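Chemist:
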Amino acid sequence: MIQYHIIRYSTFIFRVLKGNVVEILKQILQKIYYRIKAFVVMPDHVHVFVDVPQTAASCDVVRTFKDISSIELFKAFPQLI
């Protein structure tokens, strides 16, 4: 296993990660098939510390987190667009 520390900023670094958005984001990221060891949400960015198999490229891991979280958050909160 390889461990990555991923930092993901919101679009244009808006402070949108608060309230219900944080709870929904936590639920979304828990559904992703990589093992999350630590997860911290700040108002404008997210820190994720994750275990991944050695066969997974780092760019694929980041893309997976970014794509799934963005799509699901925009479905749940269309006003974030």
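Residue numbers (this note's numbering): 1266 to 1346. Every residue, glycine too, gets a C-beta built ideally from N, C-alpha and C. It should be emphasised that the depicted structure is a prediction, and the values quoted were computed from it without experimental measurement.
#1: Ends of the beta strand (DSSP E) at GLN1268?
#2: Could you tell me which residues DSSP puts in a beta bridge with ALA1303?
#3: Cα-Cα, which of HIS1270, VAL1281, THR1320 and ALA1322 is closest to LYS1302?
#4: For LYS1340 and PRO1308, which I take to be in contact (beta-carbon distance under 8 Å), what is that distance rounded to the nearest angstrom?
Modeler: Reading it off the structure:
#1: Locating residue 1268 in the sequence shown gives position 3, where the first residue counts as 1. Where GLN1268 is concerned, the enclosing beta strand (DSSP E) stretches over 1267-1274.
#2: Here residue 1303 refers to the residue found at position 38 when the sequence shown is read from its first residue. DSSP lists PHE1314 as partners of ALA1303.
#3: The residue you call residue 1302 lines up with position 37 of the sequence shown. When each option's Cα is compared against that of LYS1302, the closest is HIS1270.
#4: As a first step, residue 1340 is located in the sequence shown; it is residue number 75 there, counting from the start. As a first step, residue 1308 is located in the sequence shown; it is residue number 43 there, counting from the start. For LYS1340 against PRO1308, the beta-carbon gap comes to about 21 Å, at or over 8 Å, which does not count as contact.
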